[in-house]
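Protein chains in written order, with our numbering: chain F, 2 to 103; chain L, 55 to 517.
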């Protein structure tokens, strides 16, 4: 059943994480930025689950569970912020949001 | 399995790439859902069924619906996505990402290709020892486990081990489990990594162990449980039996009762005497009468044998009877709890020779060992070891809930803005008049007036 080692999962997790990073760097749509962050969180979760199987303990699963919970809270808050920003400025292009710049 | 993993990971990477490159945010969200589904599938392949379920419900369910909802609510499907500043970020980011991928992933990949095939992780198996020898001096057993992982010469293992000198195997003792000699002791399971072992037992405690009286090669599959039982056989000699326990969860509404007969010279059956509990409770151990009507649960077992049955939850009066239908021991008000796993060992207590023997039904219970990654396994760790973080995360979710409600109020930001402007006005107006008085210049007219901060017109209207 478990013919596959953990390394392919780790590599896949790296690839997905870097794709998420690229999304954060390249896209300017705040919602897509958020989705890229979710992709990064997911790839980290995948690595955690792979390591949990490697070590034979379920602590990694518990950690993934917490990450999912925090991600849900983060998405709820973040999307509420985006809705408010859109209401104010009619745009969610993050290049338009630079009033915090010194 | 390899091709399955390749297909799923290819779809995952492909959908992630599509998500990054689509201009329409709804399409991106849909591709991200595909990606999350692939990750859930990979969780299943990684023996994490519970997390796969949570992934589907929380991520592809709740979170992505929230995303789609917000995108469509805002009508932001095709908002401007053109970078206005830091255009170099995309190219630099791509370059750095590829370099990082090469630096980190390449060694792993090359290592993986050269490495030997993956071995299953160290899953746990359980072993326990039960001493059912009726008392006596020196009846302490030490159970040794000698795995193949130990540097153990072939000549020492197996039959030769049985007549090895004391000092030879004293060094081999790895994880000694010492049990009390008096009566039968309820023993807890000890976790060992699943694999092949040679289980040996010698008489004596941790400081001195005799030559092994028992040695058996044993394969411990993952998530299994074995019981090592020391008992007295019909000839009055110490016998040892090693049997596998069923520790999977019992059927719904039942308990699993295992009966082990450790009485040397009797065949003992387990019977249910039902409604006659009041009468049979009168039977004490020394004077038991003839057997009343009963229902046989377990037929007569020879010494050292065991039998298992699933008992419907409820209260019972059980009795152990020998082949002459004499009650050796009753268990009044035996409560069969749902889902419990219990083992009863019937032993004869050491008594004065010639007197009526006493029998004891020693009980020890086991909890089922949940499979790796199952909801039970995760739940046990989550709510035993990580109770405080669970509480904190619950608080976090509550705070997030309140925060979203506050943020989503339609006039939340407008009110804050108004308050901010009012505060500024309260300071700046008197300041202007002070300046005018001190300098004598009419700061509110002419060139000065244009430079002064002015409240926004809509704020003035709102007042």
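C-beta atoms are modelled at their ideal positions from N, C-alpha and C, and glycine is treated no differently.
Checklist entry - Ordered along the chain, which non-local residues of its own chain (more than five positions away) have a Cβ less than 6 Å from that of residue 224(L)? => result Here the model assigns residue 224(L) a pLDDT of 32, short of 50, so the residue's position is not dependable, and the following value carries that caveat. Excluding positions up to five away in sequence, the list is empty.
Checklist entry - If residue 309(L) sits next to residue 355(L), beta carbons under 8 Å apart, how far is it from one beta carbon to the other, in whole angstroms? => result The pair is not a contact, with the Cβ atoms about 19 Å apart (cut-off 8 Å).
Next on the checklist: Would you call the segment 36-54 of chain F in contact with the segment 83-99 of chain F, where contact means no fewer than 3 C-beta pairs closer than 8 Å?
Outcome noted: no
Checklist entry - Is the beta carbon of residue 11(F) sitting closer than 8 Å to the one on residue 162(L)? => result yes
Item to check | Supposed contact pair residue 63(L) and residue 13(F) - C-beta distance, whole angstroms, cut 8 Å | outcome: 5 Å
Checklist entry - Is DSSP giving residue 180(L) helix, strand or coil here? => result strand
Checklist entry - Does any CB atom of chain F fall closer than 8 Å to the CB of residue 107(L)? => result no
Checklist entry - Quick one, which of 32(F), 57(F) and 19(F) has its alpha-carbon nearest residue 277(L)'s? => result 57(F)
Checklist entry - Of all Cβ atoms in chain A, is any one closer than 8 Å to the Cβ of residue 38(F)? => result In the structure shown, chain A does not exist; the protein chains are F and L.
Next on the checklist: Would you say residue 391(L) lies against chain F (beta-carbon separation less than 8 Å)?
Outcome noted: no
Checklist entry - Shortest alpha-carbon distance to residue 399(L) belongs to which of 384(L), 392(L) and 303(L)? => result 384(L)
Item to check | Option in 377(L), 271(L), 359(L) and 320(L) with minimal Cα separation from residue 350(L) | outcome: 377(L)
Checklist entry - Is any beta-carbon of chain F found at less than 8 Å from that of residue 274(L)? => result no
Next on the checklist: If distances are taken between C-alpha atoms only, which option among 23(F), 68(F), 78(F) and 62(F) comes closest to residue 434(L)?
Outcome noted: 62(F)
Next on the checklist: With DSSP as the reference, identify every bridge partner of residue 295(L), one or two as the case may be.
Outcome noted: 283(L)
Checklist entry - Are the beta-carbon atoms belonging to residue 319(L) and residue 362(L) less than 8 Å from one another? => result no
Checklist entry - Name the DSSP beta bridge partners of residue 385(L), please? => result 372(L)
Item to check | Terminal residues of the beta strand (DSSP E) in which residue 351(L) lies | outcome: 349-355
Checklist entry - List, in order along the chain, the chain F residues whose C-beta lies closer than 8 Å to that of residue 88(L)? => result Those do not exist, as residue 88(L) stays about 12 Å from chain F at its closest Cβ, beyond 8 Å.
Next on the checklist: Please list, in chain order, the chain L residues whose beta carbon lies closer than 9 Å to that of residue 15(F).
Outcome noted: 154, 155, 158, 159 and 162
Next on the checklist: Do residue 69(F) and residue 112(L) have their beta-carbon atoms positioned less than 8 Å apart in this structure?
Outcome noted: yes
Checklist entry - Cβ of residue 179(L) less than 8 Å from any chain F Cβ? => result no
Checklist entry - CB residue 352(L) to CB residue 373(L), shorter than 8 Å? => result no
Next on the checklist: Does any residue of chain L have a CB that is nearer than 8 Å to the CB of residue 87(F)?
Outcome noted: yes
Next on the checklist: Residues in the same chain with beta-carbon distance under 6 Å from residue 313(L), minus the five sequence neighbours each way, listed in chain order, please.
Outcome noted: 324, 352, 361 and 398
Next on the checklist: Please tell me whether residue 83(L) and residue 117(L) are closer than 8 Å, where the distance is taken between their beta carbons.
Outcome noted: no
Checklist entry - In three-state terms, what does DSSP make of residue 120(L)? => result helix
Checklist entry - What first and last residue would you give for the beta strand (DSSP E) that runs through residue 362(L)? => result 360-366
Item to check | Buried or exposed (CB count within 10 angstroms, at least 16 for buried), residue 298(L) | outcome: exposed
Checklist entry - Looking at the structure shown, is residue 319(L) part of a helix, part of a strand, or coil, going by DSSP? => result coil
Checklist entry - If you check the beta carbons only, do residue 93(L) and residue 109(L) fall under 8 Å apart? => result yes
Item to check | Limits of the unbroken alpha helix (DSSP H) element including residue 46(F) | outcome: 31-56
Checklist entry - Can you find a C-beta in chain F that's less than 8 Å from the C-beta of residue 302(L)? => result no
Checklist entry - Mind listing which residues of the segment 306-332 of chain L have their C-beta closer than 7 Å to chain F's C-betas, in chain order? => result none
Checklist entry - How close, in whole Å, do the beta carbons of residue 85(L) and residue 72(L) come, if the pair is a contact with beta carbons under 8 Å? => result 4 Å
Checklist entry - Quick one: is residue 445(L) buried, meaning 16 or more other Cβ sit within 10 Å of its Cβ, or exposed? => result exposed
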